[in-house]
Amino acid sequence: MAPVPCVLLTSCAAGFSEESLVADIIGTDQMSSPTEEMNEVRQYPWRIDNKYYSADVNICVVPSTGHITAQLAETIQAFIIYFDSTVKSGLEKVSAWLPFLEDWLLDVMILVCDRALETGVTRQTAQEWCIKHGFELVELNPEELPDEDDDFPESTGVTRIIQALNANVWTNVEMKSEQAFGIFNSLASMNHAPENSDDLQGDVPSELGAGSQTEQGRESGSVCNSQVDTIVDPMMDLDIRELASLTSGEGDLENFSRLFTKLQEMKGISSCFADKAATLPHEQRKLHAEKVAKAFWMAIGGDQDEIEGLSSEDEN
88 MAPVPCVLLT
98 SCAAGFSEES
108 LVADIIGTDQ
118 MSSPTEEMNE
128 VRQYPWRIDN
138 KYYSADVNIC
148 VVPSTGHITA
158 QLAETIQAFI
168 IYFDSTVKSG
178 LEKVSAWLPF
188 LEDWLLDVMI
198 LVCDRALETG
208 VTRQTAQEWC
218 IKHGFELVEL
228 NPEELPDEDD
238 DFPESTGVTR
248 IIQALNANVW
258 TNVEMKSEQA
268 FGIFNSLASM
278 NHAPENSDDL
288 QGDVPSELGA
298 GSQTEQGRES
308 GSVCNSQVDT
318 IVDPMMDLDI
328 RELASLTSGE
338 GDLENFSRLF
348 TKLQEMKGIS
358 SCFADKAATL
368 PHEQRKLHAE
378 KVAKAFWMAI
388 GGDQDEIEGL
398 SSEDEN
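Residues in the sequence shown are numbered consecutively from 88, following this note's numbering.
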């Protein structure tokens with residue numbers, strides 16, 4: 088029997104209760120007692136069950152890198168780490184995990200704090216770190232909440248963490264429709280495509296944890312391409328998986344609204360300040376738009392042959 092996938096959850100902030108975050112993710116009423124294992128790893132079973140798929144995963148709480156075993160490492164498919172944003176050195180302890188993450192090559196890596204502070208780790212600093220290393224920053228209690236009057240407010244806090252985990256392609260996923268299965272299958276193939284692929288899959292990041300440019304960017308030596316890859320690619324994979332889940336659903340108003348919201352979010356450029364603003368040069372914005380369009384086409388099951396040769400990269 089295949090091992091159950093694991094969401095590895097850890098904290099490098101003294102006094103933070105990982106169990107409180109686990110309870111928020113799973114739900115207090117559904118949270119069972121942890122399964123105590125050797126090496127102080129506490130394991131909480133969680134059944135993800137949405138209208139697209141179901142999957143059984145474990146949220147594994149570990150004290151530090153020294154508690155990772157080879158057996159546990161084989162099951163890790165998502166990573167969540169809480170850090171202390173009140174001190175300027177808060178990110179230094181997080182960096183101890185980077186060598187492990189480079190080996191694991193996870194698609195979902197989330198950096199969590201209560202809120203970014205000007206007196207400690209600022210939001211800009213945290214976002215720049217996340218972009219460099221392929222993480223997503225989530226503040227549990229952000230200072231500025233999305234405008235309630237905004238037609239397309241962004242998700243924050245635990246809600247965003249749950250969304251990201253629901254959008255992951257788990258190895259034991261049980262799809263609820265053939266359409267959803269086809270979309271998630273195409274996502275899986277994109278996630279594991281070689282970096283130096285010459286086809287469309289090469290435009291989609293296969294290594295969120297690597298935090299590096301694509302092979303194509305290195306070979307071309309293009310400053311434009313490398314900047315776009317560094318800024319955009321680390322977070323593109325999360326957007327693609329969320330698009331896949333949205334496009335595989337029924338044509339109800341709620342699903343359409345969220346799909347439109349996601350497209351609006353992806354339309355902007357994730358700059359080093361993580362603001363979705365088209366402030367980059369024209370060629371960079373154009374390249375990013377192409378990446379989004381291609382990824383969306385693949386997510387909805389489009390034929391790759393129909394869009395080959397349409398990229399401005401192909402023209403160069």
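For every residue, glycine included, the Cβ atom is placed at its ideal position computed from N, Cα and C. Source: prediction; values computed, not measured.
Under 8 angstroms between the Cβ atoms of residue i and residue j?
| i | j | result |
| --- | --- | --- |
| V128 | S172 | no |
| N255 | V195 | yes |
| D143 | V91 | yes |
| T97 | V149 | yes |
| T243 | L232 | yes |
| K180 | C99 | yes |
| C217 | C147 | no |
| Y169 | V260 | no |
| I135 | I248 | no |
| E241 | R202 | no |
| D40 | V245 | In the structure as shown, the chain starts at 88 and stops at 403, and residue 40 therefore has no counterpart that could be examined. |
Could you tell me how far apart the beta carbons of residue i and residue j are, in whole angstroms, since I believe they sit closer than 8 angstroms?
| i | j | result |
| --- | --- | --- |
| L95 | I197 | About 11 angstroms separates the two Cβ atoms, so there is no contact after all. |
| I155 | Y131 | Their Cβ separation, rounded to whole angstroms, is 17 angstroms, which puts I155 and Y131 out of contact at 8 angstroms. |
| W184 | T206 | About 25 angstroms separates the two Cβ atoms, so there is no contact after all. |
| K175 | K263 | Not quite, the Cβ-Cβ distance comes to about 47 angstroms (not below 8 angstroms), so this is no contact. |
Reducing DSSP to helix, strand and coil, say where residue i ends up.
| i | result |
| --- | --- |
| D136 | strand |
| N145 | strand |
| S98 | strand |
| I167 | strand |
| I155 | coil |
| Q130 | strand |
| V195 | strand |
| V225 | strand |
| E105 | helix |
| Q314 | Because Q314 sits at a pLDDT of 40, beneath the cut-off of 50, its placement in the model cannot be relied upon, and the following sentence gives the value as read from the coordinates. Helix at Q314. |
| E189 | helix |
| E261 | strand |
| E302 | The pLDDT assigned to E302 is 37, lower than 50, so where the model puts this residue is not dependable, and the model offers no usable value. |
| C93 | strand |
| G308 | Note that G308 scores a pLDDT of 39, beneath 50, so its modelled location is shaky; the value from the coordinates is reported in the next line. G308 falls in the coil class under three-state DSSP. |
*Inter-stretch contact (C-beta, 8 angstroms, three-pair minimum) for the segment 180-194 and the segment 224-234*: no
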